[in-house]
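S.K.: Residue numbers (the numbering used here): 3 to 504.
For glycine and all other residues, C-beta sits at the position ideal for the given N, C-alpha and C.
If you're wondering where the values come from, they're calculated on a predicted model, not measured in any experiment.
#1: Return the chain-ordered list of same chain residues with a C-beta closer than 6 Å to the C-beta of residue 305, the five sequence neighbours on each side being excluded.
#2: Just to confirm the assignment: which complete alpha helix (DSSP H) runs, minimum length 4, are found wholly within the segment 278 to 361?
#3: Along the chain, where does the beta strand (DSSP E) that runs through residue 407 open and close?
#4: On the three-state DSSP scale, how would you describe residue 399?
#5: Helix, strand or coil for residue 166 per DSSP?
#6: Cβ of residue 373 within 8 Å of Cβ of residue 407?
#7: Which same chain residues, not among the five before or five after residue 444, have their C-beta less than 6 Å away from its C-beta?
#8: Less than 8 Å separating the beta-carbons of residue 449 and residue 409?
#9: Count the other CB atoms within 10 Å of the CB of residue 343; is the residue buried (16 or more) or exposed (fewer)?
#10: Less than 8 Å separating the beta-carbons of residue 418 and residue 387?
#11: Report yes if the C-beta distance between residue 239 and residue 250 is below 8 Å; otherwise report no.
#12: Based on Cα-Cα distance, which residue from 226, 156, 303 and 297 lies nearest to residue 323?
#13: If you follow the alpha helix (DSSP H) that residue 187 is part of, which residue opens it and which one closes it?
#14: Roughly how many angstroms separate the alpha carbons of residue 494 and residue 168, rounded to a whole number?
#15: Which residues in the same chain have their Cβ closer than 8 Å to the Cβ of residue 394, if we skip the five residues on either side of it in sequence?
#16: Provide the residue span of the beta strand (DSSP E) that contains residue 445, from first to last.
#17: Buried or exposed for residue 137, please, with buried defined as at least 16 other CB atoms from any protein chain shown within 10 angstroms of its CB.
#18: Give the C-beta separation of residue 405 and residue 377 to the nearest angstrom, bearing in mind that I take them to be a contact with Cβ-Cβ under 8 Å.
#19: In whole angstroms, give me the CA-to-CA distance for residue 383 and residue 162.
#20: Indicate whether residue 319 and residue 255 have their beta-carbon atoms separated by less than 8 Å.
#21: What residue ranges within the segment 102 to 170 form continuous alpha helix (DSSP H) runs of no fewer than 4 residues, ordered along the chain?
#22: Can you tell me whether residue 111 is buried or exposed, with buried defined as 16 or more other CB within 10 angstroms of its CB?
#23: Compute the minimum distance between the beta carbon of residue 123 and the heavy atoms of the ligand GTP, and state whether it is under 7 Å.
#24: Quick check: the Cα distance between residue 139 and residue 52, rounded to an integer number of angstroms?
#25: Can you tell which of 177, 413, 108 and 183 has the C-alpha that lies nearest to the C-alpha of residue 117?
#26: Determine the burial state of residue 217: buried for a count of at least 16 other Cβ atoms within 10 Å of its Cβ, exposed for fewer.
#27: Using alpha carbons as the reference points, say which of 155, 68 and 123 lies closest to residue 101.
#28: When the Cα atoms are used, what is the spatial distance from residue 414 to residue 257?
#29: Among the residues of its own chain, which have a CB less than 6 Å from the CB of residue 287, if the five just before and after it don't count?
#30: Put residue 68 into one of helix, strand or coil per three-state DSSP.
#31: Run the CB neighbour count on residue 283, radius 10 Å, all protein chains shown included, and call it buried at 16 or more, exposed below.
#32: In whole angstroms, give me the CA-to-CA distance for residue 29 and residue 175.
#33: Nearest CA to the CA of residue 326: which residue from 278, 289, 229 and 293?
#34: Go ahead and label residue 221 buried or exposed: buried means 16 or more other beta carbons lie within 10 angstroms of its beta carbon, across all protein chains shown.
#35: Quick check: the Cα distance between residue 126 and residue 436, rounded to an integer number of angstroms?
#36: Rounding to the nearest angstrom, what Cα-Cα distance links residue 279 and residue 391 in this structure?
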């Protein structure tokens, strides 16, 4: 840590033995001493996560290992009976063993090293265990990596904060691994390259750690299962907008699962070990690994995958991870009744890199769709056409300079059973910080029936029994999908698995 020499101190630096000693001590401090078992330290903590809103607390080093210092909040620790303290000490040791044998070597070989030695002069990482709000698993504060002169609340340590609620649970290793990736990221980006990672990508790498470590191999009760629930409860959540809620963790996790499935984990590691951030770093890593594709196209392919998830259509449109082989999104259904002429006009609002799925079914005749996006933004509009045999084609709507596009599908209901539009905004590539603005897009569907058969006495606007059955089945399907969505939302809210917070 560089010393700050004040003007008053400089005046006393005479060329004397004492003065020279003080100067050397100030500019070249001796190496930090290792912490000792039973040592008490006053830590700054985040009041937004502390259970009682504290800014500071005193903690004691209860477990010391070659990799981790386990400091425990004195107020909480003192409230425990001796046998409870003994059980927690065993949990700390078990967590350390997992960290030393699996978490540390796996994640450092994948992403690179944390700062060694750290700002405190030690190789050990401090784990501060204290009571937190219920929905917090743990957190990391990058300010701790700077000197107090730069950031006054800094604890001047590589430090992970864990919630006492989870340290003796199976989720503890997931939270520890997640926050450790943040420590690695801080060193690789801020300390070594002088840049700060975009929040969404920082969290994406950290949350994918549980998959890298094999913790998601058993799907039931895994972090991955929880993230699927989080995503299905709010599938339109933006990938790049970061509000630190469960939906954000769901979307970044499932996108990262797809990204690594298709292009390998090197995309995550190479993007981290570059001086670029966010989308630009992903584009860099894709090029470095020989992939002739950019982030926007990857996102577009992922949006299609969430609808079809079928490798037979294309290897680009499916998850290869067996636990996600059956994952599919429930699109918004737009039903066209059978009549001489039908016109449907709708307007929606969306933000950058947010998935939208608009499925058009029903009707008979020639279909024309006109799309209009916000003129100030760059839209991409992939779409999927499926026939009665579930054979699907993936295409993209061409837009003009006014962000307008048009497609005509003759004999729509005869040739196809559905048409799903998936527009998203792709223009912004950096500076995602908190809530983003929303922008409109709209589409108009016109369906004109073929001329009536003069030998057919049935009025053209009268529905056949088959059409009525189709309409009823579609409505039932909509209700079933809505029930599934609500069940996922309820499960996400009731789940005991809480997202780690950054």
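M.R.: In this structure, then:
#1: In the chain shown, the residue the question calls residue 305 occupies position 303. Only 357 and 424 meet the Cβ criterion.
#2: Whole alpha helix (DSSP H) segments, 4+ residues: 280 to 290 and 297 to 310.
#3: To locate residue 407, count along the chain shown from 1; it is residue 405. Here the beta strand (DSSP E) through residue 407 covers 406 to 411.
#4: For the purposes of this step, residue 399 is identified with residue 397 of the chain shown, where counting begins at 1. Reduced to three states, the DSSP call for residue 399 is coil.
#5: Stepping through the chain shown from its first residue, residue 166 is reached at position 164. Correct three-state label for residue 166: coil.
#6: By one-based count along the chain shown, residue 373 stands at place 371. By one-based count along the chain shown, residue 407 stands at place 405. Cβ atoms of residue 373 and residue 407: closer than 8 Å.
#7: Within the chain shown, numbered from 1, the residue matching residue 444 stands at position 442. For residue 444, where only same-chain residues beyond five positions count, the Cβ hits under 6 Å are 349 and 374.
#8: If you number the chain shown from 1, residue 449 lands on position 447. If you number the chain shown from 1, residue 409 lands on position 407. It is not a contact, given that the beta carbons lie outside the stated cut-off.
#9: Here residue 343 refers to the residue found at position 341 when the chain shown is read from its first residue. Label assigned to residue 343: exposed.
#10: Within the chain shown, numbered from 1, the residue matching residue 418 stands at position 416. Within the chain shown, numbered from 1, the residue matching residue 387 stands at position 385. In this structure, residue 387 lies closer than 8 Å to residue 418 by Cβ.
#11: The residue you call residue 239 lines up with position 237 of the chain shown. The residue you call residue 250 lines up with position 248 of the chain shown. Yes, the Cβ-Cβ distance between residue 239 and residue 250 is below 8 Å.
#12: For the purposes of this step, residue 323 is identified with residue 321 of the chain shown, where counting begins at 1. Nearest of 226, 156, 303 and 297 to residue 323, Cα basis: 226.
#13: By 1-based counting over the chain shown, the position of residue 187 is 185. Run containing residue 187: 174 to 187, per the alpha helix (DSSP H) assignment.
#14: Your numbering for residue 494 matches position 492 in the chain shown. Your numbering for residue 168 matches position 166 in the chain shown. Note on residue 494: pLDDT 45, under 50, position unreliable in the model; no value is reported.
#15: The count along the chain shown starts at 1 and reaches residue 394 at position 392. So the list reads 310, 312, 315, 386, 387 and 388, once near-sequence residues are dropped.
#16: If you number the chain shown from 1, residue 445 lands on position 443. Here the beta strand (DSSP E) through residue 445 covers 441 to 450.
#17: Working through the chain shown from its first residue, we reach residue 137 at position 135. With fewer than 16 Cβ atoms within 10 Å of its Cβ, residue 137 is classed as exposed.
#18: Within the chain shown, numbered from 1, the residue matching residue 405 stands at position 403. Within the chain shown, numbered from 1, the residue matching residue 377 stands at position 375. With 8 Å as the limit, residue 405 and residue 377 qualify as a contact, their Cβ atoms being about 5 Å apart.
#19: Mapped onto the chain shown, residue 383 falls at position 381. Mapped onto the chain shown, residue 162 falls at position 160. Roughly 42 Å separates the two Cα atoms.
#20: As a working note, residue 319 is residue 317 in the chain shown. As a working note, residue 255 is residue 253 in the chain shown. No, these two residues do not count as a Cβ contact at 8 Å.
#21: Segments of the alpha helix (DSSP H) lying fully in the segment 102 to 170: 106 to 113.
#22: Numbered from its first residue, the chain shown carries residue 111 at position 109. Result: exposed.
#23: Looking for the ligand GTP in the displayed structure turns up nothing, as the structure carries no ligands at all.
#24: In the chain shown, the residue the question calls residue 139 occupies position 137. In the chain shown, the residue the question calls residue 52 occupies position 50. C-alpha separation (whole angstroms): 11 Å.
#25: Taking the first residue of the chain shown as 1, we reach residue 117 at position 115. For residue 117, the nearest C-alpha among the options comes from 183.
#26: Numbered from its first residue, the chain shown carries residue 217 at position 215. Per the 10 Å Cβ criterion, buried.
#27: Taking the first residue of the chain shown as 1, we reach residue 101 at position 99. Out of 155, 68 and 123, 68 has the C-alpha closest to the C-alpha of residue 101.
#28: Here the question's residue 414 lines up with position 412 in the chain shown. Here the question's residue 257 lines up with position 255 in the chain shown. Distance between the alpha carbons of residue 414 and residue 257 is about 32 Å.
#29: Along the chain shown, one-based indexing puts residue 287 at 285. 269, 272 and 273.
#30: Numbered from 1 along the chain shown, position 66 holds the residue referred to as residue 68. Residue state, collapsed to three classes: coil.
#31: In the chain shown, the residue the question calls residue 283 occupies position 281. Its Cβ being crowded by 16 or more others within 10 Å, residue 283 is buried.
#32: Start at 1 with the first residue of the chain shown, and residue 29 comes out as number 27. Start at 1 with the first residue of the chain shown, and residue 175 comes out as number 173. With a pLDDT of 39 at residue 29, under the threshold of 50, the modelled position of that residue is not reliable, and the figure given next carries that caveat. So the alpha carbons of these two residues sit roughly 40 Å apart.
#33: What you label residue 326 is simply residue 324 of the chain shown in a count that begins at 1. The shortest Cα separation from residue 326 among 278, 289, 229 and 293 belongs to 229.
#34: Counting from 1 along the chain shown, the entry for residue 221 is found at position 219. Residue 221 sits exposed, since fewer than 16 C-beta atoms from the chains shown fall within 10 Å of its C-beta.
#35: Locating residue 126 in the chain shown gives position 124, where the first residue counts as 1. Locating residue 436 in the chain shown gives position 434, where the first residue counts as 1. Computed Cα separation, rounded: 33 Å.
#36: Position 277 of the chain shown holds residue 279. Position 389 of the chain shown holds residue 391. About 44 Å.
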